[in-house]
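Each remark here refers to the structure printed beneath this line.
Residue numbers (the working numbering): 608 to 727.
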């Protein structure tokens, strides 16, 4: 579903945001038309952070996109505040992009790798 249509107050770790890349600045940001970013717990790696986004597709796959400040989450560890993310999209996520071009998929919907692939 679209990020701005998501009814949840919090976005949990493992959720994937799929964003549309902006043509005008591709050499400085994302070279692909569509980029997938996963929400992760940045507080375990960065002192003053709560949550963050790590790129999981394209030429920046495996790289941390951003670590958000503590106010992006709550003290109970419920997840990244959706309203905060939308309000701060251009400052923290993608200056040239638009949150209205972002889609979200919860981690439970990711397709697992079949166990038989790992059996000898």
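Every residue, glycine too, gets a C-beta built ideally from N, C-alpha and C.
Local Cβ density within 10 Å of residue 697, reported as buried at 16 or more and exposed below that: exposed
Segment contact flag, the segment 636 to 648 with the segment 657 to 665, C-beta cutoff 8 Å, min 3 pairs: yes
Could you pull the DSSP bridge partners for residue 682 from this structure? BP columns for residue 682 are empty, so no partner.
Residue span of the alpha helix (DSSP H) that contains residue 689, given as start and end: 689 to 694
So, with DSSP's three-state summary, where would you put residue 611? helix
Rounded straight-line distance, which links the Cα of residue 613 to that of residue 645: 16 Å
Leaving out five residues on either side along the sequence, give the residues of the same chain with a beta carbon under 8 Å from the beta carbon of residue 669. 661, 662 and 663
Who are the near neighbours of residue 629 in its chain, counting only those whose CB is closer than 6 Å to its CB and skipping five residues on each side? 703 and 704
Please report the distance separating the alpha-carbon of residue 619 from that of residue 687. For residue 619 and residue 687, the distance between alpha carbons rounds to 6 Å.
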